[in-house]
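Just below is one structure, and these are the notes that go with it.
Protein chains in written order, with this note's numbering: chain U, 2 to 119; chain Z, 5 to 411.
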């Protein structure tokens, strides 16, 4: 069970949340002219890193707000302070996530499950 | 049913473990079921024996050792039905072909329906299966009870059993023995199986792969074929392209050994559990896939809790069974719950991934068509619909209904 540090409600169990996948996917700017291959990238392709991953969760059973957090997909450690919402989608053809320098781990995130690879 | 308590003895060594050569005709990245089956069919069907299977860890230690060993072919769409049925027919001859016991047991697979919509979808799938020439029938709750006497069909359950699809030819096999059987025959035919050899990069010259970099040095190759399931994205990234898959934890567990009480395979998408009893006596239970991306080969406890709640409601006699082991695998899921088998943007580099939660049943079928693709440079007609291009063209093969979480 992940413990996710909601910026509004504090650390809560994963069962209160729903997963939203990769964060910061912008809607294509030139949607009307977009080639099929770019639509495919927008619709079906997401980063799938082994390691740090910026992802979204929605606190369905709490404040019902979205948050974005960086989590290590191997250890499940949260490696950034969760930030509320997500930046307003910037119209862009670049569907790749841009990871900005994140603040170090906040105390609330210390409750995150810390487990290595078996 | 085989009595597995009297296991045949294994030979001391079932495959050779040579040092890697400098060059191969084909390098297969990933020594799981699909990689080994591909190597076998390359040698047997196409006479290509200068082949290496490179495995980062130990042979078949990933998802091939972590699945619940269920085999069936009752998928909805023609494309899926064709490839999974081809696989099932290969399973039916595999023990003879590989000359090795794999405990393939066609004990029948029930896919339960718990809601009216699920009943409609299931009946539709049964009809679609029959049109595709696949054995399938719709069975009412009383017939479910006859087939599997320990199941609870009371209508006071939160999700009562309203019926099931039944594929009598479905069943299970012993997954590690399947991998060993393929490895043994492939090795006899000349394939080099190289464990503890991690691919760390690809040599690509003018858009064409010429070899791989490994932690045991560079190895040249005419063709390179990925068969790495949950690790496929990281390999594709090394080769400079993206794959439309997400790697997620999928958990399963087994109980201590019990008398044989469960005669077939029961799967329920709706309450997220699938159960069979290994010949040896463990109750084998699979859970739903975890919601988030993960490479740690373990998932969250609440998924197991949910799975156990469903199992105990459906099978009240499981309530006092003790857990023996629980584990997780890294499954590679696609948006349409169908695999990707075919060419990649890099010439002579092939991809086989995206089998998600259901790769085990596809092992011989995937190996057969993937070997054809590698040997000829063109997809076999059975895997042509499962190209990467389908995500560009929109010709998806949406199998969420038949695949669900429960393969």
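Yeah, the Cβ is synthetic: ideal placement off N, Cα and C, and Gly gets one too.
Bounding residues of the beta strand (DSSP E) (the contiguous stretch that carries residue i)
i                      : result
residue 19 of chain U  : 19-23
residue 68 of chain U  : 67-73
residue 336 of chain Z : 327-338
residue 192 of chain Z : Segment 179-192 is the alpha helix (DSSP H) holding residue 192 of chain Z; no beta strand (DSSP E) there.
residue 204 of chain Z : 203-209
residue 217 of chain Z : 212-218
residue 58 of chain U  : 53-59
residue 142 of chain Z : 141-143
residue 197 of chain Z : 196-198
Start and end residues, alpha helix (DSSP H) containing residue i
i                      : result
residue 309 of chain Z : 305-318
residue 156 of chain Z : First-last for residue 156 of chain Z: undefined, no H or E at that position.
residue 129 of chain Z : 120-135
residue 360 of chain Z : Looking at the DSSP string, residue 360 of chain Z is not in any alpha helix (DSSP H), and its letter there is neither H nor E.
residue 42 of chain U  : 37-45
residue 85 of chain Z  : 82-102
residue 163 of chain Z : Unbroken run through residue 163 of chain Z: none, as it is neither H nor E.
residue 372 of chain Z : 367-380
residue 404 of chain Z : 404-407
7 Å Cβ cut-off: residues of chain Z touching residue i
i                     : result
residue 47 of chain U : 250
residue 51 of chain U : 238, 299
residue 16 of chain U : 306
Chain U contact residues for residue i, given Cβ-Cβ distances below 9 Å
i                      : result
residue 413 of chain Z : The first residue shown for chain Z is 5 and the last is 411, placing residue 413 of chain Z beyond what the model contains.
Classification of residue i by the beta-carbon crowding that lies within 10 angstroms, buried from 16 upward
i                      : result
residue 92 of chain U  : Bear in mind that a pLDDT of 47 at residue 92 of chain U, under 50, signals an unreliable position, so the number given afterwards is only what the model happens to contain. Classification for residue 92 of chain U: exposed.
residue 11 of chain U  : exposed
residue 13 of chain Z  : exposed
residue 5 of chain Z   : Here residue 5 of chain Z scores only 49 on pLDDT, less than 50, and its place in the model should not be relied on; the value that follows carries that caveat. Under this definition residue 5 of chain Z is an exposed residue.
residue 73 of chain Z  : buried
residue 49 of chain Z  : exposed
residue 59 of chain Z  : buried
residue 177 of chain Z : buried
residue 21 of chain Z  : exposed
residue 116 of chain U : With a pLDDT of 31 at residue 116 of chain U, under the threshold of 50, the modelled position of this residue cannot be trusted; read the value that follows with caution. Flag for residue 116 of chain U reads exposed.
residue 101 of chain U : Its pLDDT being 39, under 50, residue 101 of chain U is placed unreliably by the model, and nothing is read from it.
residue 113 of chain U : Note that residue 113 of chain U scores 35 on pLDDT, short of 50, meaning its location in the model is unreliable; the coordinates nonetheless yield the value given after this. By the neighbour-count rule (16 or more Cβ atoms within 10 Å), residue 113 of chain U is buried.
residue 26 of chain Z  : exposed
residue 378 of chain Z : buried
residue 264 of chain Z : exposed
residue 62 of chain Z  : exposed
residue 84 of chain Z  : buried
residue 392 of chain Z : buried
residue 50 of chain U  : buried
residue 122 of chain Z : buried
residue 398 of chain Z : exposed
residue 28 of chain U  : exposed
residue 52 of chain U  : exposed
residue 150 of chain Z : exposed
Those residues which DSSP pairs with residue i across a bridge
i                      : result
residue 392 of chain Z : Residue 392 of chain Z pairs with nothing; no bridge assigned.
residue 55 of chain Z  : Z/30
residue 230 of chain Z : Z/33, Z/355
residue 12 of chain U  : U/6
residue 85 of chain U  : U/68
residue 221 of chain Z : Z/218
residue 109 of chain Z : Z/176
residue 346 of chain Z : Z/355
residue 1 of chain U   : For chain U, the structure presents residues 2 to 119; residue 1 of chain U sits outside this window and is missing.
residue 387 of chain Z : Bridge partners of residue 387 of chain Z: none, in fact.
residue 168 of chain Z : Z/116, Z/143
residue 74 of chain Z  : Z/176
Within chain U, the residues that residue i reaches when beta carbons sit closer than 8 Å
i                      : result
residue 305 of chain Z : 2
Under 8 Å by beta carbon: chain Z residues contacting residue i
i                     : result
residue 54 of chain U : 297
residue 76 of chain U : 300
residue 20 of chain U : 295, 296
Neighbour list for residue i in chain U, Cβ cutoff strictly below 7 Å
i                      : result
residue 246 of chain Z : 46
residue 339 of chain Z : 45
9 Å Cβ cutoff, residue i in contact with chain C
i                      : result
residue 381 of chain Z : Of the chains in the structure shown, none is chain C; the protein chains are U and Z.
Exercise for review: Could I get the ranges of all uninterrupted alpha helix (DSSP H) runs contained in the region 235-305 of chain Z, with 4 residues as the minimum, in chain order?
Suggested key: 236-243
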